[in-house]
Amino acid sequence: MRYGRGPDVLSDLNFSLAPGSFHFVTGPSGAGKSSLLKLIYLAAKPSKGLVHLFGKDTAHAPASARPALRRRIGVVFQDLVLLEHLSAFDNTAVPLRIAGRKPADYRTDVAELLTWVGLGSRMHAMPATLAGGERQRLAIARAVVNRPDILLADEPTGNVDHEMAVRIFRLFVELNRLGTTVLIATHDQDLIARSGRPALHLEKGRISVKSHANPSGP
Amino acid sequence: MSDLFDPARWRPAPFLPAKEARDGALVFVVAVLCFLACLSAVGVIAANRAAHAWTGQLTGEATVIVRPRGGETPDAAAARAAEALAETPGVSEARALEPAKAYDLIRPWLGDVSDLEDLPVPRLVAVTLDARHPAGAQKLKSALSAQGVDATVDDHAIWIKDIRRAGRLVSGLGGGVFLLIAAAAAAVVTFATRAGLAARRDVVEVLHLAGAEDIFIARLFQARFARLAGLAGAIGAVSAAFLGAALRLAGGGEGLTPALPLAWSDLLAVVPCPLIAAIVAAVAAQVTAVTLIREMQ
Numbered sequence: 001m002r003y004g005r006g007p008d009v010l011s012d013l014n015f016s017l018a019p020g021s022f023h024f025v026t027g028p029s030g031a032g033k034s035s036l037l038k039l040i041y042l043a044a045k046p047s048k049g050l051v052h053l054f055g056k057d058t059a060h061a062p063a064s065a066r067p068a069l070r071r072r073i074g075v076v077f078q079d080l081v082l083l084e085h086l087s088a089f090d091n092t093a094v095p096l097r098i099a100g101r102k103p104a105d106y107r108t109d110v111a112e113l114l115t116w117v118g119l120g121s122r123m124h125a126m127p128a129t130l131a132g133g134e135r136q137r138l139a140i141a142r143a144v145v146n147r148p149d150i151l152l153a154d155e156p157t158g159n160v161d162h163e164m165a166v167r168i169f170r171l172f173v174e175l176n177r178l179g180t181t182v183l184i185a186t187h188d189q190d191l192i193a194r195s196g197r198p199a200l201h202l203e204k205g206r207i208s209v210k211s212h213a214n215p216s217g218p
Numbered sequence: 001m002s003d004l005f006d007p008a009r010w011r012p013a014p015f016l017p018a019k020e021a022r023d024g025a026l027v028f029v030v031a032v033l034c035f036l037a038c039l040s041a042v043g044v045i046a047a048n049r050a051a052h053a054w055t056g057q058l059t060g061e062a063t064v065i066v067r068p069r070g071g072e073t074p075d076a077a078a079a080r081a082a083e084a085l086a087e088t089p090g091v092s093e094a095r096a097l098e099p100a101k102a103y104d105l106i107r108p109w110l111g112d113v114s115d116l117e118d119l120p121v122p123r124l125v126a127v128t129l130d131a132r133h134p135a136g137a138q139k140l141k142s143a144l145s146a147q148g149v150d151a152t153v154d155d156h157a158i159w160i161k162d163i164r165r166a167g168r169l170v171s172g173l174g175g176g177v178f179l180l181i182a183a184a185a186a187a188v189v190t191f192a193t194r195a196g197l198a199a200r201r202d203v204v205e206v207l208h209l210a211g212a213e214d215i216f217i218a219r220l221f222q223a224r225f226a227r228l229a230g231l232a233g234a235i236g237a238v239s240a241a242f243l244g245a246a247l248r249l250a251g252g253g254e255g256l257t258p259a260l261p262l263a264w265s266d267l268l269a270v271v272p273c274p275l276i277a278a279i280v281a282a283v284a285a286q287v288t289a290v291t292l293i294r295e296m297q
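As structure tokens, this is what we get:
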């Protein structure tokens, strides 16, 4: 994969993630972690090769088929991308509204989820008034509210203290227990080591496996 | 503060902010363009009516210049011509003008001549033609020849041609100006949509990656800009209508000027403006938004 006429950002990647698995992606800055996640959440297309998701080749999927695939993916962006003019409750409800669900059907779910991530008392707050960790948890709540089949998180603990990082990690583990496949891009080697979860190591656009990762060729 | 928020009473907020800082400037520019477009539309309608009225007056009338023959007096020749013409099909009325009117017509060229009555001044017959089936100049000439009247028929053909050409020119120019202004309004809305999308890239990105269809996102911007353009169109239309009404009142029964008579009904031309502005904005916004969203992929 490359951007425009630039050099290859990712090359010769060949791995698969089992449904319901939990993986980290690690590597130095510029290794291609964010680009790898973009390929998976359909924000970028590979210049060559295939990306299979939910049994479909998303790299060559028609534009009309991509929105439905995206609805099955939850993303926690590195820069969070919260909608600053919407309250925490409205931000969380975005994927449900996009999915066409009626407010009466999901009001309670959103309130429960926000309480679960520790924002029960901040549902009405605008993102600008939230602390860093609260914003992070809000972004996570939005990513998981639609119960995605796969959750991708790009440096979800990058801007929070250690205690908050552990708390966020526990949220991901809980989601994974509920059946969501989780892939987290992070620099936090300590978190990876203590989690006991497999990590895919990216360096210079190429992937290798550390710890308990179990990659298998297509 | 948490007590203030009751999820059961929550209503979804609009995906786009209700107001943007740039909205005022956009509404102002589009309102000015709509105002100018409405004025040009009213002007074209008034000019068209003026041209039709002039043409109608000229085509509805003809003037016959009668020259007496032999011992016949000019008045008798004119009376005979009027009688012959009145019976001709396609003529509603034929009336010999009083000698005084003929003298009045030539007096400016001859000055105050005391014995003007002694000059062999030709008499005029004013002919009013049937509005539906007007008699042509040749038919009038034939009717006069049949009665042995020596006369020249002026059906104003030269003037009609010029006035029709002038009318077409005014309509064409007015229409051109109108289309130019409408195109400028569409271009402004397109530009504003692009700027609006760039400013709200976060909304587009979040909705896009949350699985929203391109058309769903485009419709948000479409609805927003259609609403703004509709408001701007209403402001421009009402302003133009007020100006038109002021000109109509200031100009008396004929409006601004006899050359460009403005009727109250002409002001109705501004009524569709808000709708047209909204449709132009909606189409421009949708096309722009879909194009930009696809460029993001």
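Chains as they are written, first to last, in my numbering: chain A, 1 to 218; chain B, 1 to 297. Ideal placement from N, C-alpha and C gives every residue a C-beta, glycine not left out. Remember, it's a predicted structure, so these values are computed and weren't measured experimentally.
Check, Outcome
"Give, in chain order, every residue of the stretch 77–93 of chain A whose Cβ lies closer than 9 Å to some Cβ of chain B.", "F77, V81, L82, L83, E84, H85, L86, S87, F89, D90, N91 and A93"
"For the stretch 94–107 of chain A, list every residue whose C-beta sits within 8 Å of some C-beta in chain B, in sequence order.", "V94, P95, R97, I98, A99, P103 and R107"
"Within 8 Å of any Cβ in chain A, is that where the Cβ of B/W264 sits?", "no"
"Hey, out of B/S142, B/G175, B/C34 and B/I235, whose CA is closest to B/I45's CA?", "B/G175"
"With a threshold of 16 other CB atoms inside 10 Å of the CB of B/E302, please say whether the residue is buried or exposed.", "Absent from the structure is residue 302 of chain B, since the part of chain B shown begins at 1 and ends at 297."
"Using CA coordinates, which residue listed in A/R206, A/R122 and A/A141 is at the minimum distance from A/E251?", "Outside the modelled stretch of chain A, which goes from 1 to 218, sits residue 251 of chain A, for which no answer is possible."
"State the Cα-Cα distance for the pair B/A8 and A/V117, rounded to the nearest angstrom.", "19 Å"
"What residue range is occupied by the uninterrupted beta strand (DSSP E) comprising A/E163?", "Taken as a continuous stretch (DSSP letters only), A/E163 belongs to no beta strand (DSSP E), being part of the alpha helix (DSSP H) at H162 to R177."
"Under a Cβ-count criterion, where at least 16 other Cβ atoms within 10 Å of its own Cβ denotes burial, should B/V127 be classed as buried or exposed?", "buried"
"Using a Cβ-Cβ distance cut-off of 8 Å, determine whether B/E205 contacts chain A.", "yes"
"Are B/V188 and B/V64 touching if we call contact CB-CB under 8 Å?", "no"
"Report all residues from its chain with a CB closer than 6 Å to the CB of A/L53; omit the five preceding and five following residues, and keep chain order.", "none"
"Report buried or exposed for A/R107, applying the criterion of at least 16 other Cβ atoms within 10 angstroms of its Cβ.", "buried"
"Report back the beta-carbon spacing between A/N91 and A/P127 to the nearest angstrom; my notes put them in contact at under 8 Å.", "7 Å"
"What is the DSSP secondary structure of A/K45, counted as helix, strand or coil?", "coil"
"So, under 8 Å CB-CB, A/L151 and A/G74 are touching, yes? Tell me the CB distance rounded to an integer number of Å.", "4 Å"
"Mind reading off the beta-carbon distance from B/A277 to B/L197? Whole number of angstroms is fine, and I expect it under 8 Å.", "That belief does not hold up - the Cβ atoms of B/A277 and B/L197 are roughly 20 Å apart, past 8 Å."
"Mind checking whether B/R95 and B/V125 have CB atoms under 8 Å apart?", "yes"
"Do A/R197 and A/T22 have their beta-carbon atoms positioned less than 8 Å apart in this structure?", "Reading off the sequence, residue 22 of chain A comes out as Phe, not Thr. Yes, Cβ-Cβ distance for A/F22 and A/R197 is below 8 Å."
"Could you pull the start and end residues of the alpha helix (DSSP H) that B/L179 belongs to?", "A157 to A199"
"Pick helix, strand or coil for B/G24, following the three-state DSSP scheme.", "helix"
"Hey, how far is the Cα of B/M37 from the Cα of B/F225?", "According to the sequence provided, residue 37 of chain B is Ala. The question's Met does not apply to it. Their backbone Cα atoms lie some 19 Å apart in a straight line."
"In whole angstroms, give me the CA-to-CA distance for A/A125 and A/G55.", "40 Å"
"Using a beta-carbon distance below 8 Å, is A/H124 in contact with chain B?", "yes"
"Determine the extent of the alpha helix (DSSP H) in which A/S35 is found, giving its start and end residues.", "K33 to I40"
"Please go through the stretch 35–79 of chain B and give each complete beta strand (DSSP E) segment of 3 or more residues, from N-terminal end onward.", "61–67"
"Assuming A/T26 is part of the beta strand (DSSP E), what are its boundary residues?", "F22 to T26"
"Which of helix, strand or coil does DSSP assign to B/V290?", "helix"
"With 16 other CB atoms within 10 Å as the buried threshold, where does B/A284 fall?", "buried"
"Quick one: does A/R219 have its CB under 8 Å from some CB of chain B?", "Lying outside 1 to 218, the shown extent of chain A, residue 219 of chain A is not represented and no answer is given."
"In whole angstroms, give me the CA-to-CA distance for B/A82 and B/A76.", "10 Å"
"Can you tell me which of the three DSSP states A/S208 falls into?", "strand"
"Please list the partners that A/V75 has in chain B, where partner means a Cβ-to-Cβ separation under 7 Å.", "L209"
"Where does B/P14 land, buried or exposed, given buried means 16+ other C-beta within 10 angstroms?", "exposed"
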